[in-house]
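Presented below is the structure to which this report refers.
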Amino acid sequence: MMTEFISTTEDDGVLRLRFNRPEKKNAITAAMYADLADGLESAASRPSVRAVLFESNGDIFTAGNDIADFMAGDSAMDDPHQTPPVMRFLFGLASAEKPLVAAVQGGAVGVGVTMLLHCDLVYASNKATFHTPFVDLALVPEAASSMLLPHFAGHQRAAEMLLAGKKIDAERAQDFGFVNEVVAPDVLEETALTAVRALADKAPSAIRLTKSLMKPNRDAVIAKMKEEGQHFAAQLSSAEFREAGMAFMQKRKADFSKLD
Ligand code: COA
């Protein structure tokens, strides 16, 4: 199933997966996660694909998970009988053997940030911002970010993002260790394309083996994703989340003062 909201093209050994729902700030629905997961699976199975590039249309990279989907319960992360599309995408990121590159041209929120922790090269425009307001939505981090972000940035800087929900700019994201290079908006696409094509031209087995050697803890990453997913699903049915979700829809600040 392909939606028009993820555009998928193959270009010189590079599979380009582009968020294309700008009117909703590229918020990701279950159907879009399914497309992204299918894209990663097709990259894994087709020898002609040597690397993947994530990119985005509009003024924002992605506003993260579609909050209306969260409220409808479409993204439940703990269904024992099937793997929901979001988890298929996250497992696909964690187990990708081919290089993943991202070009972040604007705001990245929630999974828009946590997916970057699985990319090998991340380029950001100087307009990009990075925001993980999970706790502000009464949720918990996902995509193993509760493990990977402290690993990249150290506990206290990770706490600034994951506990305090502070939005950071591209330079600070580079300082935190999950952005390679910050460039002017008009050269971002070219910079990312040059980098991903250079990877796509290299010896494929050497690239895959090297990436795999650099990521010895894949099983631990997937276990952390599952652990986070259980808490995430439980929070989605909590009174805290009902208040946070309603507040987002009503464009007001959430009031947690009456909850224990
Ligand atoms: N889920 C569902 N819809 C979303 C969305 C999301 N995550 N993010 C934005 N949208 C929708 C808005 O509801 C709005 O829809 P409408 O035009 O039908 O009212 C439209 O996209 C435009 O968003 P808007 O908030 O008006 O744009 P903005 O430029 O003022 O702000 C953001 C952009 C990203 C800062 C803001 O939309 C935002 O904070 N979104 C929520 C991000 C979030 O918390 N994601 C979950 C992380 S776990």
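Numbering (the working numbering), first residue to last: 8 to 267. By construction, the Cβ of each residue, glycine as well, lies at the ideal position given by its N, Cα and C atoms.
(request) Counting only runs of 3+ residues fully inside the segment 127-168, write out the beta strand (DSSP E) ranges in chain order. (result) 128-132 and 136-138
(request) Please state whether DSSP places D19 in a helix, a strand or coil. (result) coil
(request) Count the other C-beta atoms from every protein chain shown that fall within 10 angstroms of the C-beta of E235, then say buried if there are 16 or more, exposed otherwise. (result) By the 10 Å Cβ count, E235 comes out buried.
(message) Just to confirm my understanding: we take V6, look at its own chain, exclude 5 residues before and 5 after, and list those with CB closer than 7 Å. What are they?
(response) Past the boundaries of the shown model lies residue 6; the chain is included only from 8 to 267, so the question cannot be answered.
(request) Return helix, strand or coil for R25, following the three-state DSSP convention. (result) strand
(request) Could you tell me which uninterrupted beta strand (DSSP E) segments, each at least 3 residues in length, are contained entirely in the segment 174-209, listed from first to last along the chain? (result) Within the segment 174-209, the runs of beta strand (DSSP E) that reach at least 3 residues and sit entirely inside it are, in chain order, 188-190.
(message) Rounded to whole angstroms, what is the Cα-Cα separation between T198 and Q242?
(response) 39 Å
(message) Is P140 close to the ligand COA? I mean its beta-carbon at under 7 Å from any heavy atom of the ligand.
(response) yes
(request) Using three-state DSSP, classify D85 as helix, strand or coil. (result) Low per-residue confidence applies at D85: pLDDT is 48, beneath 50, and the placement is therefore not dependable, though the value from the model is reported in the following sentence. Coil, per DSSP.
(request) Would you mind reading off the limits of the beta strand (DSSP E) that contains G46? (result) Premise fails: G46 lies in the alpha helix (DSSP H), A37 to S52, not in any beta strand (DSSP E).
(request) In the DSSP assignment, find the beta strand (DSSP E) that holds L124 and state where it starts and stops. (result) Note, L124: premise wrong, no beta strand (DSSP E); not H, not E.
(request) Please determine, among M122, C126 and D127, the residue with the shortest C-alpha to C-alpha distance to T139. (result) M122
(request) Please work out which residues of its chain come closer than 6 Å, Cβ to Cβ, to N27, disregarding the five sequence neighbours upstream and downstream, and give them in chain order. (result) F12, S14 and N64
(request) Please state whether DSSP places T10 in a helix, a strand or coil. (result) coil
(request) Tell me N72's beta-bridge partners as DSSP assigns them. (result) N72 pairs with I35.
(request) Assuming G71 contacts V118 (C-beta within less than 8 Å), just tell me the rounded distance between them. (result) Between G71 and V118 a beta carbon distance of about 5 Å is seen, short of the 8 Å cut, so the two are scored as contacting.
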